[in-house]
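Residue numbers (the numbering used here): -2 to 374. Since the structure comes first, as structure tokens, the remarks are kept for the end.
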Amino acid sequence: MSTPLRARPAPSGRGASRRGAAASVLSATLVLALAACGSDDAATAGGEDGDASHGEINVQYSWIKNEEFAGEFYAEENGYYDEAGFDAVNGISGPDTGVAKLLSGSVQVALSDAASVGAAIAEQDAPLKIIGATFQKNPFTILSLSDGADIATPEDLVGKTIGVQDSNASVFAAILNANDIDPADVEVVPVDFDPTPLMNGEVDGFMAYLTNEAITVEEAGYGVTNLPYADNGVPYVAETFTVTEQYLAENQDLLVDFLTAEVKGWTDALTEPTEATVELVSDYYDKAASENDEGLEAVFGALDPVKTAKGLAAQEELVSTADTEAEGLFTITEELQQQTVDSLAAAGWEVSVEELFDTSLIDRVYEENPDLVDYLS
């Protein structure tokens, strides 16, 4: 079976519903355009001065170039990739889980999620490992109107009609399973990624992203209620740094240097003024649109700076937690690793902690750079 593409909402500023076929065509176009700018493979060699020279690597983004990758943009803009010894780090726009490209070797790192990676391991015995996670909490939520169904607890799902995208069926089943809710007690209606059915009263709840549709509906003038998956029995990491087992074994130093640059970039994303980050994100979005002959904006629309700022604020709560403040960005506690595999089991994907995670390299980052732990100072 194929690995399911995680559900992704449209970016800030989208006015129309996300069109799956158009998004797939756009993704393929962007991959070809951007991958052509990089080398065919990742080079790793020792520099003449003894410092590491890592050549170029290709990194698959899970989504288009919006605020979700603010840390990557800062790592590029502020020279952290250069400092780490990379000639280029080629960020390739999605939507894409990156699983197939990792296995084919066309990308070396994918910003994916535990559900997609775990499904590939469970269903295909894919030799993949998560080595760190930007999002400590997954962004999924059941979105409802506060003056409508007002779904605030899992029990409130009983007797309700919930709009669920086809690619999210297993993850939606997980929240029912984790809360001992009989699927027969909830009516599921297939929807796209546009929350209009919720606003029109066609469904009581809508499977959404805290960083996107929840903001879209609120900006449209509706009061909203969220039932976040991470806080209601389905906690798992997302925006995961994922690699193949072979690449991990053969490129330990390269990956430590890469993660170090990423930590620095995300430190800036969490501490720089919001206005500066919005401007940076807009620049990268506009550049991606230009490289795609404006096809990006034709499908997704222009980036809305107001919504981008709200997305950054919502995202910060997923990235920065009490655990990361204590241990450092991208670290994944043993408890969260176990919670992740338990959540995947609730969705029907059986995978062990050892099969899914290898956090030895992010541990090395902080052993070698202890000052990076205190990223909010």
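Here a beta-carbon is modelled for each residue, glycine too, at the ideal position from N, C-alpha and C.
For E288, the enclosing alpha helix (DSSP H) stretches over residues 271 to 288.
Taking 8 Å as the cut-off, the beta carbon of A117 is found closer than this to the beta carbon of A123. Excluding its 5 nearest sequence neighbours in each direction, V253 has C-beta neighbours in its own chain below 8 Å: L358, R361, V362, E365, listed in chain order. A direct Cα-to-Cα measurement between V114 and M196 gives close to 33 Å.
Shown here, F354 sits in a strand according to DSSP, grouped into three states. DSSP places K261 within a helical segment (H, G or I) once states are collapsed to three. If you draw a 10 Å sphere on the C-beta of G308, you find 16 or more other C-beta atoms in it, and that means buried. When secondary structure is reduced to three states using DSSP, V186 falls in the strand class. Closest option to E236, judged by alpha-carbon separation, among Y77, I128, D371: I128.
Note that the C-beta distance between W263 and V316 is below 8 Å. Judged by beta-carbon spacing, I178 lies beyond the 8 Å limit of N229, meaning their Cβ atoms are not closer than that value. Where Q334 is concerned, the enclosing alpha helix (DSSP H) starts and stops at 331 to 343.
Judged by DSSP secondary structure, T213 falls within the alpha helix (DSSP H) whose first and last residues are 210 to 216. CA-to-CA, the gap between A286 and E152 works out to about 43 Å. Counting C-beta pairs with one atom in each stretch, the stretch 130 to 137 and the stretch 194 to 209 have three or more that are closer than 8 Å, which means they touch. Taking all protein chains in view, the Cβ of G82 is crowded by 16 or more other Cβ atoms within 10 Å, so the residue is classified as buried. A straight line joining the alpha-carbon of S167 with that of N176 spans about 14 Å. In the three-state reduction of the DSSP assignment, Y244 falls in the helix class.
Around S90, the same chain offers L27, Y58, I61, K62, A285 as residues with beta carbons nearer than 6 Å, after the five sequence neighbours per side are excluded.
With a cutoff of 8 Å on beta-carbon distance, Q336 and Y226 are scored as not near each other. Shown here, E152 sits in a helix according to DSSP, grouped into three states. For T131, the enclosing beta strand (DSSP E) has its first and last residue at 125 to 132. Short of 8 Å from the beta carbon of G202, and not among the five residues preceding or following it, lie these beta carbons of its own chain, in chain order: I139, L140, S141, A146, I148, L154, K157, T158, I159, G160, L195, L224. With a contact defined as Cβ atoms closer than 8 Å, S143 and T222 qualify at about 5 Å. Within the stretch 68 to 119, the complete alpha helix (DSSP H) segments of 4 residues or longer fall at 77 to 80, 96 to 101, listed in chain order. Scanning its chain for C-beta atoms nearer than 7 Å, with the 5 sequence neighbours on each side dropped, one finds around V183 the residues L154, V155, K157, I159, L173, in chain order. In the structure shown, A205 adopts extended strand secondary structure according to DSSP, grouped into three states. The distance from the Cβ of N87 to that of N55 is about 5 Å, consistent with a contact at the 8 Å cut-off.
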